[in-house]
Amino acid sequence: MVKLTIDGKAVEVEAGSTILDAAKKVGINIPTLCHMEMKDMCIENKPAGCRICVVEVEGRRNLAPSCATAVSEGMVVKTNTIRVLNARRVVMELILSDHPADCLVCAKNGNCDLQSMAQRLDVTEIRYAGVQSTYREDFSPSIIRDMDKCIMCRRCETMCNEVQTVGALSGVNRGFEAVVAPAFEQDLEKSVCTYCGQCVAVCPTGALTEVNNTNRVIAALANPKKKVVVQVAPAVRAALGEEFGLEPGTLVTGKMVAALRNLGFDSVFDTDFAADLTIMEEGTELLDRLTKHLNGEKTHLPILTSCCPAWVNFFEKQFPEFKDIPSTARSPQQMFGSIAKTYYADKIGVDRSDLIVVSIMPCLAKKYECQRDEFKVEGNPDVDFALTTRELGGLIKRANIDFNSLADEDFDKPLGESTGAGVIFGVTGGVIEAAVRTAYEVYTKKTLKSVDFTELRGMEGIRHATVDFDGLELNIGIAHGLGNARELLESIRRGENKFHAIEIMSCPGGCIGGGGQPWHHGKQDVLKARAKAIYAEDVGKTIRKSHENPYIIKLYEEFLGQPMSDKAHHLLHTNYFDREVKFEVKK
Amino acid sequence: MEGNITIKLQQKSIDKIKEICAAFDNDSGELINVLHKTQEHFGYLPAEVQELVASELNCSVAKVYGVVTFYSFFTMIPKGEFPISVCTGTACYVRGADKVVEEIVKELGIKVGETTADGKFSLSCLRCVGACGLAPVVMVGDRTYGRVAPEKVKEILAEYK
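Top line first, the protein sequences correspond to chains L and F. To convert, note that position 567 of the first sequence is 1445 in this note's numbering; the numbers rise steadily by one, no gaps. To convert, note that position 131 of the second sequence is 212 in this note's numbering; the numbers rise steadily by one, no gaps.
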């Protein structure tokens, strides 16, 4: 242990701790900007680049960045001397000197770490007028890059390269031309980007934002010729409250449904219903492959989950040789769209072109996913618009709805009925737990005593567990974060893999940590609180196994026949493509 | 499949790059050394070469491109048959190197860092060749020209046309 003094307070910390950590221990909150640390998710960005966190260390000539300076015995640190305060302010003014001052109309206005830091440091004028760098804006189906607003904090690079190991972004050029960009400064769309959106989730400014579809949805809602239905992903209800000042982890399912109805959606449905449907298809596929494997027939094991569109992009672009291993089941978003525009459209007697399906997702990759050609019928997409949790928050505010005072309401039938298994799709381990609940009962023809498979839960990046299927030991792997997924894929490539089924979610924590969720500002407790809320919702459900959802049973009886029937295959399954990225050279 | 991409590298170039990478144990920590050797061989680092280096060293193309664009030594543009370097170090600069650069730019119709369409000349600036007594200094290939006035530029270029 190391003893030191910070602002006159004695503190003892482990050797190797930073001044920043030590200060936190005695209630001193040194401001930081580029620094980001989410220990349990193994996320750390401390390039010591912004210099906002500088402090005075006795005996040291220059100021020290507290985020990257280790403590030493007897160290005397001062975090608020006039020298420090002045230096910090000048640093801030210099960062702002080449930053566009269009805060009032910036997508990040009110949620910008740079803005709040300027406010905290009481910067009321910018004395240095720098030359502003201008770059062309880059629009992809999910993410917008406006690098004029980049402050080179490198958080996005850390997420893209170290956490996700996608490798789409890198710092390029030098000096004033320095910018974070894809290889050859091509558009994101032409890069290996998976649209996981983790770069957006951590960007402190408006440099990286999502494609905003709210105006299109408002226009659709205002069109009397269109029937507009909405589906909401499981992770949204565990986070939307944050947009209205509620504590992270507050479940707002009922208020959310009420708000959506107030917004004018004709029917408010639940992606959880489609998650139950996914389990029917994916679970059946798992058992089918397992049976073939046990009979010595040729098949692909392990089966990999396929609910996460960024994960699909990841293996299509970086592991195309594995494109036959993932389940062919479409994601819940797409299953919902497909059923809505066939079964449901027929039921209410509306042509698919007059039915608009909107989805509310915690995700940016979903915006891309719903535009994929496979999910269109004669050009008409199964899901018309995907909005993020944040966009929904914005819509509700614009419509003058006092969210917090809304009375709880229930989802509409038939596509709004769901089970606890559908809910836990929103958190890492949840998809496979839901699959196990159903696969176990179908395979063993016995009823589970407890549906809680706690061994599949948790926040560790890669987890494994063995589930006893009445004598058959099913080995299950779970990875969240694409870096962890890569590790599992590489073990498969090396032939070391012993798993029957693997669940993969691209975002740390699963969908609760998605790129479209309310800003977590680098606080991992926010994600943990959301995970807890999801499991609480599961426990509160009367039915907790997908195959017991009465409306799912009815859907098969009335429309689909059996899981993996021809019709189910046509409407609920998909193909994957080799989309390995090669660069065209611009001459 | 996105894009219709053909790798334009010839097999012997591919082999050479693989050989260079292998000489550094395909270690991504040796990226700068690998790029150094590769540029030494090819004269420049076009996108296809960077892509292959990335895949050989198992790192992202974005990272390779980041390194190539960070260090001014690396270039993605092939050098001309006669590479022109103008010294813009302090001594040359105060004695009018900028005017010399301007004149060359005007004569060749290219910017600094570019190569003429016929591949004959390329233009770059460098900082101090250690011949400050001769300032301003211009180098064409291995030949050094001292005390170059803007009026002399035409004459020098004519030697190579």
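Just so you know, even glycine gets a beta-carbon here, dropped at the ideal spot from N, CA and C.
- Taking 7 Å as the cut-off, the beta carbon of ARG1005(L) is found closer than this to the beta carbon of GLU971(L).
- Shortest Cα-Cα distance from ALA216(F) to any of PRO231(F), GLY222(F) and LEU204(F) involves PRO231(F).
- In this structure, THR1306(L) sits away from SER1424(L), with a CB-CB distance that is not shorter than 7 Å.
- Under the Cβ criterion of 7 Å, GLY147(F) is counted among the residues facing chain L.
- Under the three-state reduction of DSSP, ARG228(F) is assigned to coil, being neither helix nor strand.
- Under the three-state reduction of DSSP output, GLN1109(L) falls in the strand class.
- The Cβ atoms of VAL1135(L) and GLU1287(L) lie closer than 7 Å to each other.
- Residue environment for ASP106(F): exposed (fewer than 16 other C-beta atoms within 10 angstroms of its C-beta).
- In terms of beta-carbon proximity, SER109(F) stays away from the interface with chain L, with every pair separated by 7 Å or more.
- DSSP, read as helix, strand or coil, puts GLU1458(L) in coil.
- Taking each of MET916(L), PRO1126(L), ILE884(L) and TYR1413(L) in turn and checking the Cα distance to VAL933(L), the smallest one comes out for ILE884(L).
- For VAL218(F) against ALA212(F), the beta-carbon gap comes to about 5 Å, under 8 Å, which counts as contact.
- Of the residues HIS913(L), SER1020(L), PHE1062(L) and ASN923(L), the one whose Cα lies closest to the Cα of CYS931(L) is HIS913(L).
- For LYS1244(L) against ALA1264(L), the beta-carbon gap comes to about 4 Å, under 8 Å, which counts as contact.
- With respect to chain L, the C-beta atom of VAL115(F) has no partner C-beta closer than 7 Å.
- Proximity to PRO164(F) across THR197(F), GLN91(F), PRO127(F) and GLU183(F) peaks at THR197(F), based on C-alpha coordinates.
- Counted as a single uninterrupted DSSP element, the alpha helix (DSSP H) harbouring THR1162(L) occupies residues 1149-1172.
- In the three-state reduction of the DSSP assignment, LEU1179(L) falls in the coil class, being assigned neither a helical nor a strand state.
- Around LYS144(F), the beta-carbon contacts reaching into chain L at under 8 Å are ASN1039, GLY1045 and SER1048.
- Taking a C-beta distance under 7 Å as the contact criterion, LEU911(L) and MET995(L) qualify as a contact pair.
- Interface with chain F (7 Å Cβ-Cβ cutoff): ASN1051(L) is included.
- By alpha-carbon distance to ALA135(F), the top candidate from THR169(F), ALA103(F) and GLU121(F) is ALA103(F).
- By the neighbour-count criterion, in which a residue is buried when 16 or more other Cβ atoms sit within 10 angstroms of its Cβ, ARG1208(L) is buried.
- Using a 10 angstroms sphere on the CB of MET1158(L), the tally of other CB atoms reaches 16 or more, which defines it as buried.
- At a cut-off of 7 Å, the C-beta of PHE1062(L) has a neighbouring C-beta in chain F.
- Within chain L, the C-beta atoms nearer than 9 Å to that of SER141(F) come from CYS1038, ASN1039, THR1043, VAL1044, GLY1045, ALA1046, LEU1047, SER1048, ALA1061 and VAL1070, in chain order.
- Residues of the same chain with a CB within less than 7 Å of the CB of ASN1051(L), apart from the 5 flanking positions on each side, are VAL1057 in chain order.
- Around the beta carbon of GLU1368(L), fewer than 16 other beta carbons sit within 10 angstroms, so the residue counts as exposed.
- In the displayed model, MET970(L) falls within a helix according to three-state DSSP.
- Here the C-alpha atom of ASN1091(L) lies approximately 21 Å from the C-alpha atom of MET1025(L).
- Distance from the CA of ALA239(F) to the CA of PHE154(F), rounded to the nearest whole angstrom, comes to 28 Å.
- Under a criterion of Cβ atoms nearer than 7 Å, no residue of chain L is adjacent to THR119(F); the nearest Cβ is some 16 Å distant.
- Pairwise C-beta distances place the stretch 1099-1109 of chain L out of contact with the stretch 1000-1020 of chain L, as fewer than three of them are shorter than 8 Å.
- Of all C-beta pairs linking the stretch 1136-1143 of chain L to the stretch 1274-1292 of chain L, three or more are shorter than 8 Å, placing the two stretches in contact.
- Taking a 10 Å sphere around the C-beta of ARG1341(L), we find 16 or more other C-beta atoms and assign the residue as buried.
- Under DSSP, PRO943(L) forms a beta bridge with VAL932(L).
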